[in-house]
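Enquirer: I have a structure I would like to understand better, so I am pasting it below and will then ask my questions one at a time.
As structure tokens, this is what we get:
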């Protein structure tokens with residue numbers, strides 16, 4: 002018998018004897034208290050039965066007079082009272098179990114609904130990708146066909162209208178691609194691995210430079226930047242941030258674009274900065290909204306989906322992103338990828 | 021079908037017209053046979069008295085039998101299993117590309133919206149598959 006049991010038995014035997022001995026108003030509440038502390042000590046109902054039997058035996062051995070004939074069930078009464086904490090706990094257990102089952106069921110239903118919604122979203126995105134692009138190709142293609150094959154029958158205004166048609170079709174195609182990227186970010190699973198961000202950034206910048214070889218941009222990418230993250234998604238992040246930097250420095254002869262690592266509030270962060278057109282900080286909260294643009298299509302082309310996508314990717318990694326800028330004095334975007342990403346990347 | 025025909029499996033009349041125009045513009049004069057759905061394409065390929073085309077340009081989203089299934093059936097059939105098949109589609113979904121290549125596509129090209137790029141893609145396709153590329157020998161088993 003453990004000490005816990007022995008102490009409990011002694012207390013129980015004393016309380017029982019007192020209760021059997023005569024008028025005792027506090028007797029039953031002592032039984033209740035004993036039961037509760039037994040329950041807290043991890044005893045079960047069977048332990049309590051054994052305890053009760055043992056206490057009765059001790060009482061009899063001490064020559065305790067039996068209960069008066071008018072109250073033959075006082076020992077039973079005491080025993081039952083000592084068991085009531087167990088009963089209450091069992092009731093509580095049953096109730097919480099039922100609640101848990103109901104919650105689990107609700108959770109399961111929600112999961113089924115969300116799986117279903119995801120499947121629908123997937124086929125929706127697929128349709129968008131395939132079916133919405135096809136008519137655009139038609140609009141663009143036949144506009145061009147008119148320009149080429151009927152050039153002698155068109156005047157300047159007609160030609161301009163056809164060019165507008167093509168521009169709009171291509172712009173909408175970019176919009177569709179942007180939205181698809183955005184929805185893919187949410188759909189696809191994160192595949193985290195050690196990623197060389199410096200190399201990724203240099204690839205992105207090399208691609209941009211190939212597209213506009215006439216641009217002279219001073220590029221500064223810090224060496225050896227690595228992070229535990231999804232390579233494909235970080236390619237989208239750097240593609241957008243560096244692509245923006247590239248785009249918004251296009252009107253500067255001395256364009257500078259940089260990627261560096263820094264520590265902000267004890268967390269490692271990365272910063273893409275440029276000395277381009279920048280933006281008014283008054284509109285900073287609009288930067289990351291879908292379809293939100295701070296520049297007109299005439300100033301700088303764009304769809305307004307890129308930064309929304311970037312923010313979603315960063316958040317999926319458990320990080321955050323913020324922007325600082327000033328009109329005509331450049332912009333800088335700083336993002337973290339969650340502390341875990343860096344803790345592992347540093348080792 | 022003549023020795024150097026192209027089988028274009030394409031349900032959109034507009035895309036068909038644009039592809040034909042791009043081929044013509046680039047002086048690719050090969051005969052183009054058009055099938056408007058997957059079933060029609062398979063029927064055309066199954067005719068034993070007709071020589072196989074030099075190249076199949078296959079859209080993915082097709083009525084009746086979709087492109088990926090057409091591709092699987094082409095690869096399952098003894099007579100057509102080596103036939104060069106180029107997937108020409110609007111989709112760049114990873115799953116489509118992955119399945120396209122796993123089912124034995126020789127190439128996977130996305131139809132760009134920009135017609136200038138589209139025409140260039142068709143030009144390069146024609147040059148590569150009809151002129152540069154040597155087709156597998158007809159009626160022979162490896």
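Residue numbers (my numbering), protein chains in the order written: chain A, 2 to 348; chain B, 21 to 162.
Glycine included, every Cβ here is placed at the ideal spot set by N, Cα and C.
1. Between the region 78-93 of chain B and the region 101-121 of chain B, can you find at least three pairs of beta-carbon atoms closer than 8 Å?
2. Give the C-beta separation of residue 236 of chain A and residue 307 of chain A to the nearest angstrom, bearing in mind that I take them to be a contact with Cβ-Cβ under 8 Å.
3. Tell me which same chain residues have a C-beta within less than 6 Å of the C-beta of residue 345 of chain A, skipping the five on either side of it?
4. Measure the C-alpha to C-alpha separation of residue 160 of chain A and residue 148 of chain A and round it to an integer number of angstroms.
5. Determine the chain B residues that contact residue 139 of chain A at a beta-carbon separation under 8 Å, and present them in chain order.
6. On the premise that residue 216 of chain A lies in contact with residue 207 of chain A, defined as a C-beta separation below 8 Å, what is that separation, rounded to the nearest angstrom?
7. With a cut-off of 9 Å, does the C-beta of residue 296 of chain A fall near any C-beta of chain B?
8. List the residues of chain A whose Cβ lies closer than 7 Å to the Cβ of residue 134 of chain B, in chain order.
9. Quick one: does residue 43 of chain B have its CB under 9 Å from some CB of chain A?
10. What is the DSSP secondary structure of residue 304 of chain A, counted as helix, strand or coil?
11. If the cut-off is 7 Å on Cβ atoms, which residues from the region 118-140 of chain A count as contacting chain B, listed in chain order?
12. For residue 179 of chain A, count the other beta carbons within 10 Å of its own beta carbon; 16 or more makes it buried, fewer makes it exposed. Which is it?
13. Measuring only between beta-carbons, confirm whether residue 144 of chain A sits less than 9 Å from chain B.
14. With 16 other CB atoms within 10 Å as the buried threshold, where does residue 30 of chain B fall?
15. In whole angstroms, what is the alpha-carbon distance linking residue 218 of chain A and residue 258 of chain A?
16. Can at least three beta-carbon pairs, one atom from the region 166-183 of chain A and one from the region 135-145 of chain A, be found at a separation below 8 Å?
17. Taking the beta strand (DSSP E) that residue 183 of chain A falls in, what are its first and last residues?
18. Under the rule that 16 or more other beta-carbon atoms within 10 Å means buried, what is residue 256 of chain A, buried or exposed?
19. What does a CB cutoff of less than 7 Å around residue 196 of chain A pick up in its chain, not counting 5 residues either side in sequence?
20. If we count Cβ pairs, one from each stretch, closer than 8 Å, do we get three or more for the region 267-280 of chain A versus the region 243-254 of chain A?
21. Run the CB neighbour count on residue 152 of chain B, radius 10 Å, all protein chains shown included, and call it buried at 16 or more, exposed below.
22. Using beta carbons (cut-off 9 Å, strictly below), is residue 160 of chain A in contact with chain B?
23. Just mark residue 337 of chain A as buried or exposed, buried being the case when its beta carbon has 16 or more other beta carbons within 10 Å.
24. Candidates B:32, B:33, B:104: which alpha carbon is nearest residue 77 of chain B's?
25. Is there at least one Cβ from chain A nearer than 9 Å to residue 113 of chain B's Cβ?
26. DSSP state of residue 30 of chain B, grouped into three classes?
27. Name the residue from A:94, A:27, A:157, A:101 whose alpha carbon lies nearest to the alpha carbon of residue 82 of chain A.
28. With DSSP as the reference, identify every bridge partner of residue 256 of chain A, one or two as the case may be.
29. Taking 9 Å as the threshold (beta carbon to beta carbon), is residue 194 of chain A in contact with chain B?
30. Quickly, what does DSSP pair residue 193 of chain A with across the bridge? List them, please.
31. How would you label residue 63 of chain B, buried or exposed, when you count the other beta carbons within 10 angstroms and need 16 or more for buried?
Expert: Judging by the given coordinates:
1. yes
2. The sequence position of residue 236 of chain A within the first chain is 235, counting from 1. The sequence position of residue 307 of chain A within the first chain is 306, counting from 1. Going by Cβ atoms, the distance from residue 236 of chain A to residue 307 of chain A rounds to 13 Å, so no, they are not a contact pair.
3. The count along the first chain starts at 1 and reaches residue 345 of chain A at position 344. Here residue 345 of chain A scores only 39 on pLDDT, less than 50, and its place in the model should not be relied on; the value that follows carries that caveat. The answer, listed in chain order, is 229.
4. Within the first chain, the letter at position 159 stands for residue 160 of chain A. Within the first chain, the letter at position 147 stands for residue 148 of chain A. Roughly 7 Å between the two C-alpha positions.
5. Your numbering for residue 139 of chain A matches position 138 in the first chain. What residue 139 of chain A touches in chain B: 32, 34, 35, 38.
6. Here residue 207 of chain A is taken as the residue at index 206 of the first chain, counted from 1. Here residue 216 of chain A is taken as the residue at index 215 of the first chain, counted from 1. The Cβ separation is near 12 Å, so there is no contact.
7. In the first chain, residue 296 of chain A corresponds to position 295, counting from 1. It does not: the Cβ of residue 296 of chain A has no partner Cβ on chain B nearer than 9 Å.
8. By 1-based counting over the second chain, the position of residue 134 of chain B is 114. By Cβ distance, chain A contributes 141, 171.
9. Taking the second chain and counting its residues from 1, the one referred to as residue 43 of chain B is at position 23. Chain A, which has no Cβ nearer than 9 Å to the Cβ of residue 43 of chain B, makes this no.
10. Looking up residue 304 of chain A in the first chain gives position 303. DSSP places residue 304 of chain A in coil when its eight states are reduced to three.
11. 127, 130, 131, 134, 135, 137, 138, 139
12. Translated into positions along the first chain, residue 179 of chain A becomes position 178. Buried, since its Cβ has 16 or more Cβ neighbours within 10 Å.
13. Your numbering for residue 144 of chain A matches position 143 in the first chain. Answer yes: the Cβ-Cβ gap between residue 144 of chain A and chain B drops below 9 Å somewhere.
14. Residue 30 of chain B sits at position 10 when you count from the first residue of the second chain. Answer is buried; the Cβ neighbour count reaches 16.
15. As a working mapping, residue 218 of chain A is identified with position 217 in the first chain. As a working mapping, residue 258 of chain A is identified with position 257 in the first chain. Rounded to the nearest angstrom, the two C-alpha atoms are 7 Å apart.
16. yes
17. Residue mapping note: residue 183 of chain A aligns to position 182 of the first chain, counting from 1. Here residue 183 of chain A belongs to no beta strand (DSSP E); instead the alpha helix (DSSP H) covers 157-188.
18. Here residue 256 of chain A is taken as the residue at index 255 of the first chain, counted from 1. It is buried - the Cβ of residue 256 of chain A has at least 16 other Cβ atoms within 10 Å.
19. In the first chain, counting from the first residue as 1, residue 196 of chain A sits at position 195. Same-chain partners within the cutoff: 227, 228, 230, 232, 235.
20. yes
21. Along the second chain, read from residue 1 onward, the residue named residue 152 of chain B stands at position 132. Answer is exposed; the Cβ neighbour count stays below 16.
22. Locating residue 160 of chain A in the first chain gives position 159, counting from the first residue. Taking Cβ atoms only, chain B never reaches closer than 9 Å to residue 160 of chain A, which makes this a no.
23. Along the first chain, one-based indexing puts residue 337 of chain A at 336. Flag for residue 337 of chain A reads buried.
24. The sequence position of residue 77 of chain B within the second chain is 57, counting from 1. Measuring from the Cα of residue 77 of chain B, the nearest candidate turns out to be B:104.
25. Position 93 of the second chain, counting from 1, holds the residue named residue 113 of chain B. Answer yes: the Cβ-Cβ gap between residue 113 of chain B and chain A drops below 9 Å somewhere.
26. Along the second chain, one-based indexing puts residue 30 of chain B at 10. Residue state, collapsed to three classes: coil.
27. Counting from one through the first chain, the residue named residue 82 of chain A turns up at place 81. The option with the nearest alpha carbon to residue 82 of chain A is A:27.
28. In the first chain, residue 256 of chain A corresponds to position 255, counting from 1. Bridge partners of residue 256 of chain A: A:218.
29. As a first step, residue 194 of chain A must be located in the first chain, where it is residue number 193. Chain B, which has no Cβ nearer than 9 Å to the Cβ of residue 194 of chain A, makes this no.
30. In the first chain, the residue the question calls residue 193 of chain A occupies position 192. According to DSSP, residue 193 of chain A bridges with A:231.
31. Within the second chain, numbered from 1, the residue matching residue 63 of chain B stands at position 43. It is exposed - the Cβ of residue 63 of chain B has fewer than 16 other Cβ atoms within 10 Å.
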